[in-house]
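The structure under discussion appears below in the form of structure tokens.
Protein chains: 4
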Amino acid sequence: MTEQLAVAVLGAGGRMGAEAVKAVEAAEDLKLVAALGRSDSLEALVEAGADVVVDLTTPDSTEQNVRFAVEHGMHAVVGTTGWDQGKRRSLAALLEDNPQIGVLIAPNFALGSVLASAFAAKASRYFESVEIVELHHPDKVDAPSGTAVRTAQLVAAARAEAGLPASPDATTKSLEGARGADVDGVKVHSVRLRGLVAHQEVLLGGPGEQLTIRHDSYDRASFMPGVLLGVRQVASHPGLTYGLDGYLDLND
Amino acid sequence: MTEQLAVAVLGAGGRMGAEAVKAVEAAEDLKLVAALGRSDSLEALVEAGADVVVDLTTPDSTEQNVRFAVEHGMHAVVGTTGWDQGKRRSLAALLEDNPQIGVLIAPNFALGSVLASAFAAKASRYFESVEIVELHHPDKVDAPSGTAVRTAQLVAAARAEAGLPASPDATTKSLEGARGADVDGVKVHSVRLRGLVAHQEVLLGGPGEQLTIRHDSYDRASFMPGVLLGVRQVASHPGLTYGLDGYLDLND
Amino acid sequence: MTEQLAVAVLGAGGRMGAEAVKAVEAAEDLKLVAALGRSDSLEALVEAGADVVVDLTTPDSTEQNVRFAVEHGMHAVVGTTGWDQGKRRSLAALLEDNPQIGVLIAPNFALGSVLASAFAAKASRYFESVEIVELHHPDKVDAPSGTAVRTAQLVAAARAEAGLPASPDATTKSLEGARGADVDGVKVHSVRLRGLVAHQEVLLGGPGEQLTIRHDSYDRASFMPGVLLGVRQVASHPGLTYGLDGYLDLND
Amino acid sequence: MTEQLAVAVLGAGGRMGAEAVKAVEAAEDLKLVAALGRSDSLEALVEAGADVVVDLTTPDSTEQNVRFAVEHGMHAVVGTTGWDQGKRRSLAALLEDNPQIGVLIAPNFALGSVLASAFAAKASRYFESVEIVELHHPDKVDAPSGTAVRTAQLVAAARAEAGLPASPDATTKSLEGARGADVDGVKVHSVRLRGLVAHQEVLLGGPGEQLTIRHDSYDRASFMPGVLLGVRQVASHPGLTYGLDGYLDLND
């Protein structure tokens, strides 16, 4: 029988953490060795003999959690936000001293969402027009969504690199807001509708054809396949990887 | 054998008119008796013995064309724009003196579009949220489209009559334009994309469910079934009817 | 202050019943006076002074529950299955003796789904082609879904009444199953996909245009607005009404 | 000023050929030096000094056209069907003797369609479920479409390589045809609807999420950007390339 990977979850009392605990327990090749909450000591990770630590805590504790893991020879998969460039650079330096250890920090663990953004950026070099429509429940306070803004930035960068001009637009007479928000030259439209969760469409158009890449996120469970993929592959990706797409095989 | 209806097309040299000529010729129950251009005399309608006149001309000539038809005992199906309330009132008065004659003036002959707007208005009374996304080719100069504005107005009126509040929206932090244009309290988003023709989605949301009514118009041919339906039914609808929905059986 | 309607829920221990209890409690114009489970006596309904009884029980008990309610002067809103024609006829006879009492039996309380079916049937008279695609989670055992079969039957009946031929189809060379199932001459396609809940698209096509009516059901909460609408209106609809569309104002 | 590439079109009398002639004439970096029909001699290609020959002829003449081009030092971009493995192997041998010459044979020049298939295959390794819905006009004789069959085969091969089992499906009670056709274990559904042209959706589902990749082809013009991309890049891709995806930069 294959040996199971020993996995610890930090932030097990939160909603994402609770999902991760369930997902690790349900996976035959993984063994949950610790599920720690806010008041538990990190020493428990060492006692439990964790191979991989999943950090789903809060921005104020994630950095010390991950540094503790690395310093004690454990890989880490991190879904907590707050890892700005300074913190990432400092972590990367620590990893140089621990060259066998891998850390994955992923702002988004939904495989479908990550693939959708990557495909949109690749495809946008081959189409005259591109716009984004994102749709969420009406309790969301920001518009556009963070994911839509990042997708627009990736698309804009890909088009700039390929030397493409802006999408054509002959609009001369418009109601305010009709043509959406402008993110690096890419139009983004935000729909808010009761009943929805989180959805995004990238619309690409050329003469006589349209390509649409749509992602629907129905619930938090959608993050777990990405978390598990990270847990399984982090040991074979030493150093710091930022973004789940670094683990996806998009290139063949 | 059933007798064919004698149909004349005015504006036969234009693009819509040319389509109408083809459509009438292809219909077994109709007989094309005249296809007149800009310089032809209206007297030809009388000589040809037209039962129904299809007017697809220009705003400056449509009124006199239709009045001529009515005064000579012919029904009229009109797709030309420019029929403001004053002109319609004056035509209605003329029709009172010709009580057996019917005239249909339709701003939109696409059956699917007319049905989509009617359904959207009906459904909007039963949903907490409603927004509209319209999508067109990038050479269009106005945003939102006229059809989307009219649909939003119909929806807004139906909701006001049912005593519904505005769709919920917790947005507090927004890029300018992200949340679309506001038409009578209904959000409308305008996408412009090379390759598209004319498309509209009405999105309705309530707890745990969504209803989407989408219309795609791929080419001018989409107007012809509506024109033919008008031609066949105008004789049994004496007086002035404004809007093709007046001829559609939406009420059983 | 307006008097609240006194509502009792039968089957309060089930999943739908529990949702209904929450929905009634949350509604300002309604007052939950009883929430009964399998072992509770129906006499409690009388003691509680219920105006309206919501039956979300099981096929073997629903008939006696509803008859008890009617005989004790209470209106009933019924979501339980199993009401075949014989049982409905017998209930209708009982209601003739209680002419002030209303009963609504609804196979489907999702407003969006009921509206989608009604719209599809209306629209199908005006389009050359119509097909249905339904999409569900992969644990569903039947294909097509019951809702899709009913929608296809409604569409087929509407087209037959309007004298329309079958949708055109030139297929001469086909892999088995590619063209879907045939329900009264209407093609129905069943997609099964992890992550989905319950979704249905009716696709209507004519020359140069398409009309799509799509309903997405994301969770059980989607039934509650329909249940509440039934509770509020049942007293003003004496006799037996079968199908929530009988309460929807689709005709203006 | 950059020198223009000299392009000849074979099959210029056909519909695709006529589009190609227009597209080459409209491109500033290309110069149309010959537009030959069925009865023209291939010697005209030499006289015209063509750098690249675009072959949009018929299966019975395409092989000799391409061999003539290669033997006279011209690159070729080929959209004609009929290039079975035997003919491709024989052409590859000829190209070994002309190592500086490139030939692109593409069964599909619609960039969006080629990208959609490539993305679907990549993504299908990360999702539990995948199905395909293709939608065409009702005059099409085969179901599923050739493009849908090829996409299903690519998806099936990618999943097999990744060791994935078949998509889950609990169906035990089904109307014949409801669950679609089976192509290498992937379900494919074929919708036929008046008004449509050529459309395809690949639906991918995992726990709590869905990814949809849709391509809409509205008219023949959609092939031209792919043809021009081939014309511009063929000289830098010596040897035989089969499939436009060989020229697309999908790997960064």
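Going down the list, the sequences are from chains A, B, C and D.
Note that UniProt numbering has the first sequence beginning at 1, numbered continuously upward.
Note that UniProt numbering has the second sequence beginning at 1, numbered continuously upward.
Note that UniProt numbering has the third sequence beginning at 1, numbered continuously upward.
Note that UniProt numbering has the fourth sequence beginning at 1, numbered continuously upward.
For glycine and all other residues, C-beta sits at the position ideal for the given N, C-alpha and C.
Asked                                                                                                                                : Found
Distance between A:Ser-129 and D:Ala-110 (C-alpha atoms, nearest Å)                                                                  : 15 Å
Local conformation of B:Ser-41 per DSSP, three classes                                                                               : coil
B:Ala-198, enclosing beta strand (DSSP E) - first and last residue                                                                   : 198-206
C-alpha distance - A:Val-186 paired with A:Thr-80, whole-angstrom precision                                                          : 28 Å
Nearest candidate by alpha-carbon position, reference A:Ala-120, set A:Leu-36, A:Val-52, A:Ala-148 and A:Pro-59                      : A:Ala-148
Burial state of C:Gly-37, where buried means 16 or more other Cβ atoms lie within 10 Å                                               : exposed
Contacts that D:Gly-226 makes with chain B (C-beta to C-beta distance below 9 Å)                                                     : Result: empty, since nearest Cβ-Cβ is about 13 Å, beyond 9 Å.
Environment of A:Gln-200 [buried if 16+ CB atoms lie within 10 Å]                                                                    : buried
B:Val-9 classed as buried or exposed, judged by whether at least 16 other C-beta atoms fall within 10 angstroms                      : buried
Check whether A:Gly-205 and B:Gly-177 have beta carbons under 8 Å apart                                                              : no
Contacts around B:Arg-159, its chain only, beta-carbon distance under 6 Å, and the 5 residues preceding and following it disregarded : Ser-124
Contact set for A:Asp-252: own chain, Cβ-Cβ below 7 Å, skip 5 residues either direction                                              : Because A:Asp-252 carries a pLDDT of 47, less than 50, the predicted location of this residue cannot be relied on, and the following value inherits that uncertainty. Contacts found: none.
Contact list for B:Asp-139 against chain A, beta-carbon separation under 7 Å                                                         : Ala-170
CB contact check: C:Met-1 to chain A, cutoff 8 Å                                                                                     : Because C:Met-1 sits at a pLDDT of 49, beneath the cut-off of 50, its placement in the model cannot be relied upon, and the following sentence gives the value as read from the coordinates. Not closer than 8 Å to any Cβ of chain A, the Cβ of C:Met-1 fails to qualify, so no.
Nearest neighbour of D:Glu-3, chosen from D:Ala-152, D:Val-133 and D:Arg-232 [CA to CA]                                              : D:Arg-232
Cross-chain neighbours of A:Phe-119 in chain D, by beta carbon under 7 Å                                                             : Phe-119
Proximity winner among C:Arg-89, C:Thr-58 and C:Met-224, relative to C:Gly-82 (alpha-carbon distances)                               : C:Thr-58
Per-residue contacts from D:Ile-213 into chain A (C-beta, under 7 Å)                                                                 : Ile-213
Contact the segment 85-102 of chain B vs the segment 216-223 of chain B: 3+ CB pairs below 8 Å                                       : no
Counted within 10 angstroms of its Cβ, other Cβ atoms place B:Thr-241 as buried (16 or more) or exposed                              : buried
Residue-chain proximity (B:Gly-37, chain D), Cβ-Cβ < 8 Å                                                                             : no
Cutoff 8 Å: C:Gln-210 Cβ touching any chain D Cβ                                                                                     : yes
Residues that A:Ile-105 bridges to, as DSSP identifies them                                                                          : A:Val-78 and A:Tyr-242
Buried versus exposed call for A:Thr-212 [16 or more other C-beta atoms within 10 Å across all chains shown]                         : buried
DSSP state of A:Lys-140 mapped onto helix, strand, coil                                                                              : coil
Minimum Cβ-Cβ distance from C:Tyr-247 to chain A less than 8 Å                                                                       : no
Buried versus exposed, by CB contacts within 10 Å (16 or more), B:Met-1                                                              : Here B:Met-1 scores only 49 on pLDDT, less than 50, and its place in the model is too uncertain to base an answer on.
Closest by C-alpha distance to D:Lys-140, when choosing among C:Ser-174, C:Tyr-247, C:Val-70 and C:Ala-162                           : C:Ser-174
Integer Cβ distance of A:His-136 from A:Ser-145, believed to fall under 8 Å                                                          : 6 Å
Residues near A:His-72 by beta carbon distance below 6 Å, same chain, minus five either side                                         : Val-46
Distance, C:Ile-105 Cα to D:Ala-156 Cα                                                                                               : 46 Å
Extent of the continuous beta strand (DSSP E) to which A:Leu-115 belongs                                                             : Looking at the DSSP string, A:Leu-115 is not in any beta strand (DSSP E); the run it does join, the alpha helix (DSSP H), is 111-123.
Nearest-angstrom Cα separation, counted from C:Ala-76 out to residue 261 of chain C                                                  : Only positions 1 to 252 of chain C appear in this structure, which leaves residue 261 of chain C out of reach.
Counterpart residues of B:Glu-25 in DSSP-defined beta bridges                                                                        : Answer by DSSP bridge pairing: none, since B:Glu-25 is not bridged.
DSSP state of D:Gln-4 mapped onto helix, strand, coil                                                                                : coil
Interface partners of B:Gly-102 on chain D, CB under 9 Å                                                                             : Per Cβ cutoff of 9 Å: no residues; B:Gly-102 is ~29 Å from chain D at best.
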